[in-house]
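Data block below; observations after.
Number of protein chains: 6
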Amino acid sequence: MLLVRSRLVARAVQKQCQKVERRNYVTKVFNTPLSGMEMARCGGIASMMRLPIASSTEGLDACFVGVPIDHGTSNRSGTRFGPREIRTSSVLVREVNVATGATPFQSLMVADVGDVWVNLYNLPDACRSIKEGFAKIVANGCIPLAAGGDHTITYPILQAIADKYGPVGLVHVDAHGDCNDTMLGEKIAHGTPFRRAVEEGLLDTKRVVQIGLRGSGYSVDDHKFQLDNGFRVVPAEQCWHKSLSPLMKEVKEQMGDGPVYVSFDIDALDPAFAPGTGTPEIGGLTSIQGLEVVRGCRGMNVVGADLVEVSPPYDTTGTTALTGANLLFEMLCVLPGVKYN
Amino acid sequence: MLLVRSRLVARAVQKQCQKVERRNYVTKVFNTPLSGMEMARCGGIASMMRLPIASSTEGLDACFVGVPIDHGTSNRSGTRFGPREIRTSSVLVREVNVATGATPFQSLMVADVGDVWVNLYNLPDACRSIKEGFAKIVANGCIPLAAGGDHTITYPILQAIADKYGPVGLVHVDAHGDCNDTMLGEKIAHGTPFRRAVEEGLLDTKRVVQIGLRGSGYSVDDHKFQLDNGFRVVPAEQCWHKSLSPLMKEVKEQMGDGPVYVSFDIDALDPAFAPGTGTPEIGGLTSIQGLEVVRGCRGMNVVGADLVEVSPPYDTTGTTALTGANLLFEMLCVLPGVKYN
Amino acid sequence: MLLVRSRLVARAVQKQCQKVERRNYVTKVFNTPLSGMEMARCGGIASMMRLPIASSTEGLDACFVGVPIDHGTSNRSGTRFGPREIRTSSVLVREVNVATGATPFQSLMVADVGDVWVNLYNLPDACRSIKEGFAKIVANGCIPLAAGGDHTITYPILQAIADKYGPVGLVHVDAHGDCNDTMLGEKIAHGTPFRRAVEEGLLDTKRVVQIGLRGSGYSVDDHKFQLDNGFRVVPAEQCWHKSLSPLMKEVKEQMGDGPVYVSFDIDALDPAFAPGTGTPEIGGLTSIQGLEVVRGCRGMNVVGADLVEVSPPYDTTGTTALTGANLLFEMLCVLPGVKYN
Amino acid sequence: MLLVRSRLVARAVQKQCQKVERRNYVTKVFNTPLSGMEMARCGGIASMMRLPIASSTEGLDACFVGVPIDHGTSNRSGTRFGPREIRTSSVLVREVNVATGATPFQSLMVADVGDVWVNLYNLPDACRSIKEGFAKIVANGCIPLAAGGDHTITYPILQAIADKYGPVGLVHVDAHGDCNDTMLGEKIAHGTPFRRAVEEGLLDTKRVVQIGLRGSGYSVDDHKFQLDNGFRVVPAEQCWHKSLSPLMKEVKEQMGDGPVYVSFDIDALDPAFAPGTGTPEIGGLTSIQGLEVVRGCRGMNVVGADLVEVSPPYDTTGTTALTGANLLFEMLCVLPGVKYN
Amino acid sequence: MLLVRSRLVARAVQKQCQKVERRNYVTKVFNTPLSGMEMARCGGIASMMRLPIASSTEGLDACFVGVPIDHGTSNRSGTRFGPREIRTSSVLVREVNVATGATPFQSLMVADVGDVWVNLYNLPDACRSIKEGFAKIVANGCIPLAAGGDHTITYPILQAIADKYGPVGLVHVDAHGDCNDTMLGEKIAHGTPFRRAVEEGLLDTKRVVQIGLRGSGYSVDDHKFQLDNGFRVVPAEQCWHKSLSPLMKEVKEQMGDGPVYVSFDIDALDPAFAPGTGTPEIGGLTSIQGLEVVRGCRGMNVVGADLVEVSPPYDTTGTTALTGANLLFEMLCVLPGVKYN
Amino acid sequence: MLLVRSRLVARAVQKQCQKVERRNYVTKVFNTPLSGMEMARCGGIASMMRLPIASSTEGLDACFVGVPIDHGTSNRSGTRFGPREIRTSSVLVREVNVATGATPFQSLMVADVGDVWVNLYNLPDACRSIKEGFAKIVANGCIPLAAGGDHTITYPILQAIADKYGPVGLVHVDAHGDCNDTMLGEKIAHGTPFRRAVEEGLLDTKRVVQIGLRGSGYSVDDHKFQLDNGFRVVPAEQCWHKSLSPLMKEVKEQMGDGPVYVSFDIDALDPAFAPGTGTPEIGGLTSIQGLEVVRGCRGMNVVGADLVEVSPPYDTTGTTALTGANLLFEMLCVLPGVKYN
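Those sequence lines, one after another, are chains A, B, C, D, E and F. Numbering of the first sequence is given in my numbering, commencing with residue 1 and proceeding in unit increments. Numbering of the second sequence is given in my numbering, commencing with residue 1 and proceeding in unit increments. Numbering of the third sequence is given in my numbering, commencing with residue 1 and proceeding in unit increments. Numbering of the fourth sequence is given in my numbering, commencing with residue 1 and proceeding in unit increments. Numbering of the fifth sequence is given in my numbering, commencing with residue 1 and proceeding in unit increments. Numbering of the sixth sequence is given in my numbering, commencing with residue 1 and proceeding in unit increments.
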């Protein structure tokens, strides 16, 4: 008796376990999110955007993957539950991007591949396994869309990405530059990933932009490292009271045709829009500006992306996780190969 | 012994039970909200805006009425407590609209008439009783200002309104078009009221505007039904970074002199401003824009209005209910007959 | 057009505004709570136990009345919203006490008379108006069941009660003895009401019992004042791991036939059962023991009662307010004249 | 490239998608929960107890299944998210019941089969599909352990159960008898399932026990229907201050060898232990007593069970969902065939 | 054994108890916040911005001081915990204002001097002691940066300030004008401080600006008192959709060289940005505009400032307290004598 | 100008910075908590129990010290804020233990010494510095009362304790045995401290008792390691429905005269009493039983103690932190040298 043929039981499961092999048919069939019109949104296993759960990236053009850590955080923890909560919130996301016309699920084969294994008690070892995991994901060209986890994860992800693609351009949206040398004496933490990346040659430093930086700092030349290395730094103050679409046109030019990685720290947004995070700073971007930034990446050669620092214990209304889910969807929509109506 | 003559006991009750007959005096005397200067805001029974509670609409020019349902919701429920929580939050609303100069309580006889009877276990039957209840309210010209409840309620309200006034113009503020044909196979749910209304001829479809639509959708032509029927659709993206007052001037022209119904789904606002709702979508209107839209209805021939989808269990700080209460007050301020200073 | 004859609109209002005069009929008709079977619990104005709201105590045997203050609190404030939140939670209370067989609404004429006027910025003046308000309530024998507000309110209530009945016995359930001389130098605060009451001769001190006292204290003979005045003190430690029904039999004997006032501070209960209060102490009574205490007052000559210190901002799940509403119902059930099945 | 062979990526998925066919090996291999020792608890897709997700009950001895509805609730809604939140909380449950020695995952083949399809806008139709879904589950003897959802679900589940097994005995743990005839005029709602079940002959009424009933009621003979039909009714008051193990010995005798269904409404527990529910009543069972009741079912011929009325929006600390997950685990542990050490 | 020389124990204490005398060295050494790079942000006693705690203002150029009251509030209370929660949130603030280049901790000697003694049960007496406390603080020129507490505190602070400096200019950012004559009959409450200040000649009324006023009011000429006295009133509506930097240029001109007091009621900000307050009004300033206002005070002769009305019980995500902490830091940055890079 | 002589400003600071040297007077003067009668509880810097903050343990008989980490947690994190929140909650604790007669602040010199330095990104290094910090604390006999932090901290604390006193007896109250060999492959985590302690000979294993163990486990002989090493294990089931005072008499005998360490994991308590923790298990101890256990340690030779696993982000009402503060106070009360009345 196969329940999967019945309308009555376990529809979520039916869709979520549909065989990846379906795509081998002559007419390519893509995974699609389980529609809220078909199965109540409160029903079914909460996979990312209610997509099928895959145990391999074989045949996938892109995948959602979680990295559930918080031992890189310097203030409020809790980001270890980011992937799970973003999945839960993502049941509200539907198939088509009405605003931009993007139809990612009619263009790419996408699945939720679960979470990378992480050692919760040893941050360097977690970084090692994250790198190893992402190396497998990108090996045959699957584009990872990672849900953090704290921002430390971007360091090992970039290691895997650069191993595959060479130094990449970076669209980094964040309240903080995350280019400290050490934190409490440690080289690996959520405030240091991009200095490590520069040191290891993972970034094409002329093709790096940081958007939304703000907040008090440890010195008056808080962005010295970045500027010395040729990053473009766009403080939040330069973003106030206006659309960021013009900025993104310039950024697109800066990025050129080379591979680009997008790293979006949810604390780039003002805490009014994303309170559920560990190191919030007032005076930040609106979620509208966040959408403009990600939509502005359309046309870039995006080879990977992440959405980090959602901390569910501090996200009392679920808005932050919902925003994370939507931004991941928007990232998917700007991947190479997505068709627009 | 009548406590009502004493300053000491039960002042809230005194005001709230003041006889409707007072208006029959030669000099018309209107109901006024119990002032926070007179009785501590935390004191007294929480009627809408601390108005008298009436058991009939006799002699009323307008009334606040609750419709406490949530069985039309597709994601998070809880809107059944919307009316109660909006009443509780409304104790902060005062008598005069300082910004616009409107003095509704010196112009119209207004009361809180309680909640419509609803069958919580049978949505079509709830719709039937809502229609019947609103038919009585509008029978002699009293203008209902309804507090939802989920958006399903607008369908039976429009039935009652159209029975009285014929097809009406519609100012619909919402994140979603709510023009689906069915949801999970059902014709009646909170995503279908306006398609039902069109089918039944309740709307003057050339005088319909939808403001704030956004979010992912089920198809690329998500607004086809509306456009085919002549609605004006204003997606949220067209509202970003600007005042909506100019838009409302156009809308006023569109509405002309005919009867107009205003339906405001609180999820039109960005979840930063109104997190306590069931199907939030990021990138929405600000509460400032919400005020501009309602204030922009001044001069229209408004015959009814609703504020729906406030879900208190998800409104952790009370901001959403407070916003709902204020928008209902602003709706009252733009009713025909309200004097401005 | 009278809506009150319709099943469809404003049923809550219908019941809640039913004339008090109904009781003058030959066959006495009592106010009854609006049943959840008749009108959805989420519907209607939230009066106490969904009873009619009265603007006078004329004809009432007992009444619920709120005293919304928190300027007597020494730690967390918020009790000013106690009455409102207890009303909201009380919609779950039904007509009959199944466990004890009490049928209060078939025995007594009861209504919600709203809140006493209080000066939020001047505690002594608030006490003055509370006394004055309760004097009117008790003038013709109506028994007040007060919802606080912080425990300061019991002082002026006892003044009004003793003016009418002479010194009363006291069943005082609390984590604290509230017999301090001063707090921060002031004579009136929520930790001093019972010393004031003794000083003014409001209590028949041999007929006073304090149940549930615990927590750290300012001196090793923290209960000296009470013991010196002949109170019976039952620390929480004497209540652990057992039923309090045997204790209440002794208390009933202690109280004799004289008038008795019941004062229940919700912090008598352990914070597991009543977290929403200002000065919680661990190791307290269970709600079962709380029920046993109030039910154990049956047969006493109760002339007034209060339930104080519910602080809604700290009552994240609503359990504390719900407990308050239920204890007020149980107090009603033990009033003289209530029939038992 | 199969990620499933790697320690690094997507271990949750690996286990959760392991083939059901494994059990066909000579040495039977059972599904086991993904251990917290193996994969961080915050990692992986949240299936029930981190078990594999199955799209069919083929080969399963027992299954967890969700029924995500709340349109049968009379007060606070939100139970539609019960299954999802119980799954999330269940990541804390481990493989072995240390207290009782039960080793369910070394005795039975168990999986999470997702959620039954439900029509959120039509309660009778939801009941129809629930019945149909459970009919398939029980068809070949798989024992369903259902996570609600409100208590309405037990009615259609019992229909499916009785179709398979004939009238069953019932261990019903609840604050309410749920034997009303109608609610707001409707026959189907969360307060009526057991009257419906009696009327349709689904219960062996001499083998029914209701444990934990309490709270105010609509009449003094609130349990008349049950007593008239031969149920044993054990009010909460009879449970106070003692172990329920002796009671369960009697219940086991009452149940005899016939098929038994266990229905546990989380509001049987005191709101101190389970605040996240819709119609809480004070003075309830402790979670210890809840464990004693379920553990006391060992040796009965349990053919199905449910855990209902967990309402996540009101479960601010997650304790209620956690309790639900543990009670479902304990139910699994008392199923026929489970080995004890 | 002095732990202070060890890296291992109690670093927070070390810094926080460092002698004020250090500044007497030839090379002036200022107090600096304990860096998050040096000691984990979650560690150590939570003083304001992790500064040393001083028991005197001797040698201080500026100080942070708390005024923990809420008995002046008219709606939601809880501001008594404002100072404590702002301290807790302030651990995120770092040493340098990157956006403006201000280096306050390299320019001024600053410390946290704890809280003023307040009589919680007697508002006029609390005002008396607040005045007395601030008189000592300002006696030798130390500039107080006060954390409220409700807005009543500004009245006695202005008394102390004016005693020292004569009538002062006022930059008042607020949703409300706070110029009522009385509230519930009392002269002292959080809605009256500025009328009292005018009556007592504490303000140079031509040098007063009120920014952000909005919300419903008690009369159409709600700002009559202010306008009659020559205040500049800038309603929120005049602030919508634009930067407030141009406004602040005008304000700076208005203020001239005379002494200026800055009073920032957090409810000036929209509840999206600052939900944790007692009398929120929708349609308010953004936190960006709040920053612009405070930064726009640079160059004024600021002699004192306060940040009031943060109410932690309603600040579910901590954003409001965090905003309060940041605005206090920005106030520090515009004090006379602060060097800019 | 010394503010410390004034009643008006900064009383909290006055007491908290009072010189430790005071004790050198002929008549020994001890530190005492700042009384709530003297300074409003909401006022002043939140040190532990409002004690003076010391920068050294010189002259101290006992001290409170925080260890703010959460990178040893396996499920929900957040314990890094345990020390801070326990301090905040501890303002409710007063000077004398009324129930037991203990007068710790008239017997011992006690202070809050702040927090140990911890490396948030490297758990083994954090353990190293914790050990080093506690070595200094215990060097001259000061007894540390540690506030966690997760349970990992007990491992390095025991290292320091055993270095000073040799192998110690252990009263370990917990839901879990914490004797795993590894977690996710790591030797150091919050589930392994006591196995490490045994391996390193830090415990006198015949003088070890574990109280409150429960919950599902990884194997049927989950306590094998402990039993093999001679621990006494008291599962929660053996604690149900009774006082633990008799048990503690046995434990006292078991402990004899040798040095004893008390380690109290707040999850020993049922989540009804302590929801704010990371790995809650239902069916646990009551807070009454928790008090009985700690009070039962009176007369033992306690040389150190900790209260761990309070996780504020999950402690929505503050009850868990309050319980932690009270248990730390009770631990202080049973230290050698404390006088009883």
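Just so you know, even glycine gets a beta-carbon here, dropped at the ideal spot from N, CA and C.
By the Cβ-count criterion, S219(B) is exposed, with fewer than 16 other Cβ atoms from all chains shown falling within 10 Å of its own Cβ.
Using a Cβ-Cβ cut-off of 7 Å, T317(C) is close to nothing in chain B; its nearest Cβ partner there is about 11 Å away. Taking a contact to require three or more Cβ pairs closer than 8 Å, the stretch 70-89 of chain E and the stretch 312-332 of chain E qualify as touching. Counting C-beta atoms within 10 angstroms of its own C-beta, K136(E) has 16 or more neighbours from the protein chains shown and is therefore classed as buried. Counting only Cβ-Cβ distances below 8 Å, V96(B) has contacts in chain E at S216, G217, Y218, S219, V220, D222, in chain order. The Cβ-Cβ distance between S77(E) and S245(E) does not fall below 9 Å.
Given a length threshold of 4 residues, each whole run of the alpha helix (DSSP H) inside the stretch 45-108 of chain E is given here in chain order: 82-89. Of all residues in the stretch 61-74 of chain B, those with a C-beta nearer than 9 Å to a C-beta of chain D are D70, H71, G72, T73, S74, reading in chain order. Looking at the backbone, the Cα of L328(E) and that of L291(E) are separated by about 10 Å. Using a CB distance below 9 Å, the part of the stretch 239-251 of chain B facing chain E consists of H241, K242, S243, ordered along the chain. Within chain B, the residues placing a beta-carbon under 7 Å from that of Y121(D) are H71, G72, L123, M183, L184, E186, I188, A189, ordered along the chain. If one requires a minimum length of 4 residues, the alpha helix (DSSP H) runs lying completely within the stretch 163-248 of chain A are 193-199, 224-228, in chain order. Within chain D, not a single residue places a beta-carbon under 7 Å from that of G148(A); the smallest gap is close to 12 Å. C-alpha of D270(D) to C-alpha of L285(F): approximately 16 Å in a straight line. With the rule of 3 Cβ pairs closer than 8 Å, the stretch 110-122 of chain D does not count as touching the stretch 232-247 of chain F. For the stretch 114-139 of chain F, the continuous alpha helix (DSSP H) assignments of 4+ residues that do not extend past its boundaries occur at 123-139, in sequence order. Taking 8 Å as the upper bound for CB-CB distance, G101(D) and N341(D) are in contact here, some 4 Å apart. F264(C): member of the beta strand (DSSP E) spanning 259-265, first to last residue.
With respect to the C-alpha of V209(D), the residue from S216(D), G215(D), F194(D) having the closest C-alpha is F194(D). Between A175(B) and A111(B), the C-beta gap is not smaller than 9 Å, which leaves the two residues out of contact. Using beta-carbon distances, N180(F) counts as an interface residue toward chain D, with a partner under 9 Å.
Nearest Cα to I69(F) within the set C42(E), R50(E), R84(E): C42(E). Residues of chain E with a Cβ closer than 9 Å to the Cβ of I282(A) are, in chain order, F273, S287, I288, G290, L291, T319, L322, T323, N326, L327. A Cβ-Cβ contact shorter than 9 Å links I153(C) with C127(C). With a threshold of 9 Å between beta carbons, D174(E) makes no contact with chain A.
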